[in-house]
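Beneath this line is the structure, given in structure tokens, with notes to follow.
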């Protein structure tokens, strides 16, 4: 009898000893370790997990958050910015920061521990971080610059600078419109694609001349800037920074989209030295140099032509000969407010190898990657003569832009587009004699939004429908908006957005994605009458009606139901009321809304 009683008690004691919580998935404003945040009162979230995976019913009863100015201090428990002490609360989502004032451009480090229902405290979580944006207009020392003459080329911009002291940290703050790629001392910085994310960049006086007569009287205009830590890429002495600019959404090459601005750049390097001093280095001004790149044509809709014979070796390094480069010129740039890009960037999310590859009777190569994706085909280790033009034609229901690569004959050449994307499963390749499947890979590109839900049932058709929908949804996610179609219009229609947002939020980790897009909808509201257009950020297109403007009400509410974000709902409350008030102007005497 004793043995029968002792055994369960021993098991209970063992379980209780392991019954603490584990704190994971730390987030600031819905993001893991965001590099740039301009909320002066950012909010913290985390997830509690049971140390013993077999346990159920574990819950948080208290928490303690610590914030420090360095990772070392955070690990040591020296919370010199904020220490909440033990707070009796079950809340673990969007806890507002209430510590010392946060400084512009600085990085901060934080961790959290929690207490369970038995009063047992967890270990401190791993240290997470976030970076503050440039909080005041005067923090920007950089001007907007551009080439003196704008062409269909993608311009390269560069500047050299000297570092004579030991660097503690160096961060680049950058906005290159329409898209940019950043280089430091010859190396690509980061792995983002097609950035910054689309927004309502600027006032446009000609908007009413497009497909729908609409005056440019929107509630807000903004351009999204990014931040990259380049500490490890700098060296003592001479350094070089380079930026490649694409037209993107700033100057789209299709009538359905309106011209915001010529390609332009605003960029600076904020350096903190080990001696405690700070300096802004290489801010964009007319000391920067500019030259056309080997990208002879780049268009968001019409594609890209790259002529490798016009490449400039080491163009973003200190060894580059600048003698043929021209001087950049200052420009007014877009009128929008500089805002931190607190939303997921596009990235290469999947790499696919051909599942079928053959040469056709007409001499073209046919390649099939098995599934439809949004992205591009990368040519790898191509050998051809100088001047040979490789043509990739993507098979799609609607005509798409070009992908052309003119070889330089240097040996093994590789290439993928920089500032556009395509939708395809199959493609046809011509202009090259020797080609194998190993020379090709498809890269799926979309906003970095992870799937976070799994559904599977006994009906194979239902499973297949869900799989197809998820891939279709990801194909349409670019620039932290969801488009109506990823190949033809590529526009962020509000009707499509409000109709699909609920199920997207249920299946994807899309909080930061929709926080950005809902702000776009709010920015696109007419400041005079409350009208919400059929696409946000606004690009002239056809159609629209009751179900389109309703996005101003539906999307914030769905966001609140899924993520519990009261701040976003509060900021949308007045715009939601104004949209409903506008809709009453469509009311007929019979009580029917009519456009």
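Numbering (the numbering used here), first residue to last: 223 to 817. For glycine and all other residues, C-beta sits at the position ideal for the given N, C-alpha and C.
task = Please name the residue in 711, 749, 739 and 727 whose C-alpha comes closest to that of residue 620.
result = Taking the first residue of the chain shown as position 1, residue 620 is located at position 398. For residue 620, the nearest C-alpha among the options comes from 711.
ask   = How big is the Cα-Cα spacing for residue 253 and residue 604?
value = For the purposes of this step, residue 253 is taken as residue 31 along the chain shown, with counting starting at 1. For the purposes of this step, residue 604 is taken as residue 382 along the chain shown, with counting starting at 1. Whole-angstrom Cα-Cα distance: 39 Å.
inquiry  = Would residue 842 and residue 520 qualify as a contact pair, given that the criterion is a beta-carbon distance under 8 Å?
reply    = The requested residue 842 is not part of the displayed model; the chain covers only 223 to 817.
query = Smallest Cα separation from residue 490: which of 365, 555 and 677?
reply = Translated into the one-based positions of the chain shown, residue 490 becomes position 268. It is 365.
task = Just the C-alpha distance for residue 436 and residue 719, rounded to the nearest angstrom, thanks.
result = Along the chain shown, one-based indexing puts residue 436 at 214. Along the chain shown, one-based indexing puts residue 719 at 497. Answer to the nearest angstrom: the Cα atoms are 21 Å apart.
key: residue 813, buried or exposed, once every other Cβ within 10 Å from all chains shown has been counted against 16   = For the purposes of this step, residue 813 is taken as residue 591 along the chain shown, with counting starting at 1. It counts as exposed.
query = Does any heavy atom of the ligand SAM sit closer than 7 Å to the C-beta of residue 333?
reply = In the structure shown, the ligand SAM is absent, as is every other ligand, since no ligand is present at all.
message = With a threshold of 8 Å, are at least 3 pairs of Cβ atoms found where one atom belongs to the region 270-286 and the other to the region 339-353?
response = yes
message = Can you look up residue 597 in the DSSP assignment and give me helix, strand or coil?
response = Mapped onto the chain shown, residue 597 falls at position 375. DSSP places residue 597 in strand when its eight states are reduced to three.
query = Relative to the alpha-carbon of residue 534, which residue among 321, 513 and 693 has its alpha-carbon at the smallest distance?
reply = Within the chain shown, numbered from 1, the residue matching residue 534 stands at position 312. When only C-alpha atoms are compared, the closest one is 513.
task = Could I get the ranges of all uninterrupted beta strand (DSSP E) runs contained in the region 277-357, with 3 residues as the minimum, in chain order?
result = 282-290, 329-338 and 350-353
key: Segment limits, alpha helix (DSSP H) that includes residue 780   = In the chain shown, counting from the first residue as 1, residue 780 sits at position 558. Unbroken alpha helix (DSSP H) run through residue 780: 773-785.
message = If you follow the alpha helix (DSSP H) that residue 790 is in, where does it begin and where does it stop?
response = For the purposes of this step, residue 790 is identified with residue 568 of the chain shown, where counting begins at 1. 788-805 is the span of the alpha helix (DSSP H), which, as asked, contains residue 790.
query = With DSSP run on the structure shown, which of helix, strand or coil describes residue 225?
reply = One-based indexing of the chain shown puts residue 225 at position 3. Below a pLDDT of 50, predicted positions are generally treated as unreliable, and residue 225, at 38, falls in that range; the measurement from the model is reported next regardless. Here residue 225 sits in helix by DSSP.
ask   = For residue 651, which residues from the same chain have a beta carbon less than 6 Å from its beta carbon, with the 5 sequence-adjacent residues on both sides left out?
value = For the purposes of this step, residue 651 is taken as residue 429 along the chain shown, with counting starting at 1. Correct list, in chain order: 587 and 614.
Endpoints, beta strand (DSSP E) assigned at residue 649 = Here residue 649 refers to the residue found at position 427 when the chain shown is read from its first residue. Note, residue 649: beta strand (DSSP E), 644-652.
Spatial neighbours of residue 654 in its chain, beta-carbon cut-off 6 Å, leaving aside the 5 residues before and after = Your numbering for residue 654 matches position 432 in the chain shown. Cβ within range, chain order: 606 and 612.
inquiry  = Quick check on DSSP: helix, strand or coil for residue 616?
reply    = Position 394 of the chain shown holds residue 616. In this structure, residue 616 counts as strand in the three-state DSSP scheme.
ask   = So what does DSSP say about residue 416, is it helix, strand or coil?
value = As a first step, residue 416 is located in the chain shown; it is residue number 194 there, counting from the start. In this structure, residue 416 counts as coil in the three-state DSSP scheme.
request  = Please name the residue in 759, 441, 795 and 393 whose C-alpha comes closest to that of residue 412.
outcome  = Residue mapping note: residue 412 aligns to position 190 of the chain shown, counting from 1. Comparing Cα-Cα distances from residue 412 to each of 759, 441, 795 and 393, the minimum goes to 393.
task = Would you mind sorting residue 334 into buried or exposed? The rule is 16 or more other CB atoms within 10 Å of its CB.
result = As a position in the chain shown, residue 334 is number 112, starting the count at 1. Residue 334 should be labelled buried.
task = With DSSP collapsed to three states, give me the class of residue 230.
result = Reading the chain shown from its first residue, position 8 is the one you call residue 230. Low confidence applies here, because residue 230 scores a pLDDT of 40, under 50, leaving its location unreliable and the question unanswered by this model.
query = Considering only C-alpha positions, which residue in the set 716, 795, 790 and 803 is nearest to residue 750?
reply = The residue given as residue 750 occupies position 528 in the chain shown. Closest option to residue 750, Cα to Cα, is 803.
inquiry  = What residue range does the beta strand (DSSP E) around residue 468 cover?
reply    = Sequence index remark: in the chain shown, residue 468 carries index 246 (1-based). Counting along the chain, the beta strand (DSSP E) containing residue 468 begins and ends at 459-468.
key: Delimiting residues of the beta strand (DSSP E) encompassing residue 518   = Reading the chain shown from its first residue, position 296 is the one you call residue 518. Residues 517-521.
request  = For residue 738, count neighbouring C-beta atoms within 10 Å of its own C-beta (all shown protein chains included) and say buried if the count is 16 or more, exposed if not.
outcome  = Residue 738 sits at position 516 when you count from the first residue of the chain shown. Buried, since its Cβ has 16 or more Cβ neighbours within 10 Å.
inquiry  = Please list the terminal residues of the continuous beta strand (DSSP E) segment that includes residue 377.
reply    = Looking up residue 377 in the chain shown gives position 155. 377-385 is the extent of the beta strand (DSSP E) around residue 377.
query = residue 740 and residue 781 look like a contact to me (Cβ under 8 Å); what is the Cβ gap, rounded to whole Å?
reply = Here residue 740 refers to the residue found at position 518 of the chain shown. Here residue 781 refers to the residue found at position 559 of the chain shown. That belief holds up - the Cβ atoms of residue 740 and residue 781 are roughly 6 Å apart, short of 8 Å.
query = What separation, rounded to the nearest whole angstrom, lies between the Cα atoms of residue 717 and residue 293?
reply = As a working mapping, residue 717 is identified with position 495 in the chain shown. As a working mapping, residue 293 is identified with position 71 in the chain shown. Going from the Cα of residue 717 to the Cα of residue 293 covers about 45 Å.
inquiry  = Between the alpha carbons of residue 569 and residue 680, how many angstroms are there, rounded?
reply    = Your numbering for residue 569 matches position 347 in the chain shown. Your numbering for residue 680 matches position 458 in the chain shown. One C-alpha to the other measures close to 34 Å.
message = At the level of alpha carbons, what is the spacing between residue 516 and residue 466?
response = Locating residue 516 in the chain shown gives position 294, where the first residue counts as 1. Locating residue 466 in the chain shown gives position 244, where the first residue counts as 1. Each residue's alpha carbon lies about 11 Å from the other.
inquiry  = Relative to the C-alpha of residue 643, which candidate in 707, 274 and 581 has its C-alpha closest?
reply    = Position 421 of the chain shown holds residue 643. When only C-alpha atoms are compared, the closest one is 707.
request  = Would you mind sorting residue 395 into buried or exposed? The rule is 16 or more other CB atoms within 10 Å of its CB.
outcome  = One-based indexing of the chain shown puts residue 395 at position 173. The residue is buried, with at least 16 neighbouring Cβ atoms inside 10 Å.
inquiry  = Between the region 345-352 and the region 306-322, can you find at least three pairs of beta-carbon atoms closer than 8 Å?
reply    = no
Simplified DSSP state of residue 402, which is helix, strand or coil = For the purposes of this step, residue 402 is taken as the residue at position 180 of the chain shown. Strand, per DSSP.
message = Tell me the rounded alpha-carbon separation between residue 232 and residue 306.
response = Counted from its first residue, the chain shown places residue 232 at position 10. Counted from its first residue, the chain shown places residue 306 at position 84. Caution is warranted here: a pLDDT of 37 is assigned to residue 232, below 50, making its placement in the model unreliable, and no coordinate value can be reported.
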